[in-house]
Amino acid sequence: MKELCRRCTICCYRKVIAEDGSVVYTDRPCGFLDLDTGLCIVYEFRTRAKAECVRITKKVIDLEALPSGCPYVKDRTGYRAPRLTPRLEKLERETLGAGQPKEEKTSRRKRR
Ligand code: SF4
Ligand code: SF4
């Protein structure tokens, strides 16, 4: 799959499944996420280091767990984006420019 990740880090935060089946994020980052650099400290062997860590595939995208501003899903029609915490919504605006004009978008941090 084409590399589109803008390294926002949001998908490295823990999630829970709501009663209606939707994904809800928490403010708890994965223990392997370096919050200072925004990089995964076990990136090369992340799927072995953490069973729930997955590579981005079409099947993973269909789980509707990526934030709406993520390039893998942002142009999808009918995409049911997960619920983010206020803190992660702010991070999404800052890193993916969700809801902002294109020229205000910035990119940083880790790739998936
Ligand atoms: S841009 Fe998408 S795949 Fe990359 S870290 Fe953010 S949510 Fe994850
Ligand atoms: S990429 Fe690294 S930091 Fe992110 S969820 Fe996977 S193991 Fe954790």
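Start counting at 1 in the sequence shown, then tack on 243, and there's your number in this note's numbering. Glycine residues also receive a C-beta, built at the ideal position from the N, C-alpha and C atoms.
Counting along the chain, where does the beta strand (DSSP E) carrying V259 start and finish? 256–260
field: Integer Cβ distance of C251 from L339, believed to fall under 8 Å
entry: 5 Å
* Asked: Does the pairing of the region 314–332 with the region 279–291 give three or more beta-carbon distances under 8 Å?
  -> Touching, no, given that fewer than three Cβ pairs across the two stretches are closer than 8 Å.
- prompt: Is there at least one non-hydrogen atom of ligand 1 closer than 6 Å to the beta-carbon of I253?
  reply: yes
Item to check | Close beta carbons around L331, own chain, < 8 Å, minus the five adjacent residues each side | outcome: I253, Y256, Y268, D270, P310
- request: Helix, strand or coil for E337, going by three-state DSSP, please let me know.
  value: Helix, per DSSP.
Problem - Paired residues, beta bridge with L276 - DSSP - result: Among the bridge pairs identified by DSSP, L276 is matched with C283.
What is the DSSP secondary structure of R330, counted as helix, strand or coil?
helix
- May I ask you to list the residues that DSSP assigns as paired with Y268? DSSP lists K258 as partners of Y268.
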